[in-house]
Every structure is written in structure tokens, then in C-alpha cells.
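In this note's numbering, the protein residues as written are -2 to 281.
Reading through the C-alpha cells given below for one structure.
Spelled out as C-alpha cells, the structure:
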């Protein structure tokens, strides 16, 4: 359906004011006109009817998106996400239910905008579950009225939203938190009074002493292995190397053909060579 709609109307270009003026030029539909178009789309898959339904409601999407300006995200992106929600609503709208499209579409429009806000408001997600998302948006509305929360205000919000006071305080701390660069910003130096996490957070996964010790241990084991291997006869060295130290590894049948013996004989030689190899390494 989206391919039939002028993309310039769905994606704001230039100033938001100019976009709003352009979408306001699309006439609003009467209840009868809307029902007729919706029936054509629902019953016959008429894409031209879908286009008219979408175009006539673009002004409503811009109006809804304006209420999310306080999140500091580009208004054009909010409108674009809302338009996606509108298109989804038009696709699923059933005119036989008896409600206007705007009443049905508002939930889809807000859902798309909410998802966009959650994804982009912070680098680290502030709300991941459905309950947290509901609290995120409701708490921002409450804070506009209450300002800084007191203990009593936290309790009131928790009761109104049917959540615990712990949930309210946790979400409030996330709302008040700011993203911080892990590294020093451009122009900063270690001598300045600037503190970035890179200066004081310990990377416990990269202990130099442990890394060096592990490398030395691996080198020692490798040295012992090749020293023990050199004490085997030439055929045993070849069998062990071909079977375990080479890529691709040789099969028993490959070695049987090489030495003109049975595969079972190669298996026996391999087992004896490994026993000698283990004994030589223990003595090393």
C-alpha cells in the first residue's frame, strides 16, 4: 500500500511548518465518504481508497507527533513514525465496527511513536518491558505536573499507575540520567578536571598478569609437546602429526594407503605413539 502513496507526504521535507501546511491542504472526509472508502479498501483491496484515507489523516498525525516534542527528538522523525502507524491502521481498519478511522488509528500512531522514542531517547534503553514503557510515558506526564518528586508524590504516582514506589523511583532516576561519553571528548586531556569512565573503570576481563601467565604456559606446553614428539620414530611422528596437528586431519584410511597397511594397524600405531608421547611429556 505504501508504494501508492506520495512519499513526500509521508516523510517531512524542509521545515515542519511547510510540511504541516502541505498536509492541511488535503480535505477532511465526512463520515459517509470515509465509510465508502474504507469499504472499498476492506472488501475490494482498492489501493486508491487507501491512499485517500491516509492523506486525509496526515494532519492528525502531525498534531499527535507535536505532543512528543519534549523528548528532544527530531519532529520530522516523530511524524514519519506516526505516519507508519497510520498506514498500519488503515490497512487493518474494519468499517463494519462502526467507529471513525481517527479513533482506531490513534492507538497505532502512538504505538509507533512510542517505539521510536524508546529506541532513541537514550543510548542505553530506559524501558524494555511493556510495564516499563507504560510507566515511562505516564511518569513523564506526571513530572510535568509535580516537578521534583517528594516521598508523598512518589506514593501518589505509584498508586495512580498501579506500580510499586521502587518502580517509580527507578524510572525517575533513568529519566533524570544523562548519557556520558566513555572516552574523553575532543579537546579534553588527562590533565584537565574531566573524568570519563575510561579513566577509572577497570576492565576485569583483561588482566595483564593473567594474560602473560597463560601465554607462557601455552608456550611451555607447546615446547614440551614438540620435544616429546621428536623422540618418536619417524613413522609415529608422521601419524600423530597427520592425525592431530595438521589441517585437514588425515583419516586412518589415508595413512593406511600411505604405509600400505590396514586401517586397524594404523590405529594401533597411533595409540602406541600417543602413549609414548604422553610418557615423554611427563618426563620433560
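The beta carbon of each residue, even a glycine, is placed where N, CA and C say it ideally should be.
*Run through DSSP, which three-state label would residue 258 get?*
In the structure shown, residue 258 sits in coil (DSSP, three-state: anything other than H, G, I, E or B).
*Along the chain, where does the alpha helix (DSSP H) that runs through residue 62 open and close?*
First-last of the alpha helix (DSSP H) with residue 62: 55 to 63.
*If you run the structure through DSSP and keep just helix, strand and coil, what is residue 97?*
Per DSSP, reduced to three states, the secondary structure at residue 97 is coil, with no helix or strand assignment.
*To the nearest angstrom, how far is it from the Cα of residue 81 to the Cα of residue 164?*
Whole-angstrom Cα-Cα distance: 31 Å.
_Please report the distance separating the alpha-carbon of residue 279 from that of residue 221._
For residue 279 and residue 221, the distance between alpha carbons rounds to 9 Å.
*Would you mind reading off the limits of the alpha helix (DSSP H) that contains residue 16?*
Here the alpha helix (DSSP H) through residue 16 covers 13 to 20.
*Starting from residue 230 and walking both ways along the alpha helix (DSSP H), at which residues does that stretch end?*
Where residue 230 is concerned, there is no enclosing alpha helix (DSSP H), given that its DSSP letter is neither H nor E.
*How do the segment 234 to 243 and the segment 264 to 280 stand: do at least 3 beta-carbon pairs fall below 8 Å, yes or no?*
At 8 Å Cβ cutoff, the stretches touch.
_Quick check on this structure: which residue in 45, 53, 108 has the alpha carbon closest to the alpha carbon of residue 97?_
Of 45, 53, 108, the residue nearest in Cα terms is 53.
_Going by DSSP, what residue range makes up the alpha helix (DSSP H) through residue 87?_
Where residue 87 is concerned, the enclosing alpha helix (DSSP H) starts and stops at 72 to 89.
*Among residues of its own chain, excluding the 5 on either side of residue 259, which ones have a beta-carbon nearer than 8 Å to its beta-carbon?*
Within the same chain, 253 come within 8 Å of residue 259 by CB-CB distance, once the 5 residues on both sides are set aside.
*By DSSP, does residue 214 sit in helix, in strand, or in coil?*
Residue state, collapsed to three classes: helix.
*Take the Cβ of residue 84 as the centre, count every other Cβ of all protein chains shown within 10 Å, and call the residue buried at 16 or more, exposed below.*
With 16 or more Cβ atoms within 10 Å of its Cβ, residue 84 is classed as buried.
_residue 52, DSSP secondary structure in three states_ = DSSP places residue 52 in helix when its eight states are reduced to three.
_Can you list, in chain order, the residues of its chain with a C-beta nearer than 8 Å to that of residue 161? Leave out the 5 residues immediately preceding and following it._
The answer, listed in chain order, is 155.
*Can you tell me the Cα-Cα spacing of residue 265 and residue 216, whole angstroms?*
Residue 265 and residue 216: Cα-Cα distance of roughly 30 Å.
*Determine the direct distance from the alpha carbon of residue 23 to that of residue 17, and round the result to whole angstroms.*
Whole-angstrom Cα-Cα distance: 11 Å.
_I believe residue 94 touches residue 57 by the beta-carbon criterion, under 8 Å. Please report the beta-carbon distance rounded to the nearest angstrom._
Actually they are not in contact, since the Cβ atoms of residue 94 and residue 57 sit about 19 Å apart, beyond 8 Å.
_Quick check: residue 75 and residue 62, are their CB atoms within less than 8 Å of each other?_
Contact: yes.
*asked:* Mapping the DSSP letters down to three states, classify residue 251 as helix, strand or coil.
replied: Helix.
*Which class does residue 159 belong to by DSSP, given the choice of helix, strand or coil?*
DSSP places residue 159 outside both helix and strand once states are collapsed to three, so it counts as coil.
*Classification of residue 65 by the beta-carbon crowding that lies within 10 angstroms, buried from 16 upward*: Counting other Cβ atoms within 10 Å of its Cβ, residue 65 reaches 16 or more and is therefore classed as buried.
*According to DSSP, is residue 278 helix, strand or coil?*
Residue 278 carries a helical assignment under DSSP once its states are collapsed to helix, strand and coil.
*What do you reckon, are the CB atoms on residue 35 and residue 92 nearer than 8 Å?*
A contact, by the Cβ cut-off of 8 Å.
*Compute the Euclidean distance between the alpha carbons of residue 39 and residue 90, then round it to the nearest angstrom.*
Straight-line spacing of the CA atoms in residue 39 and residue 90 works out to 8 Å.
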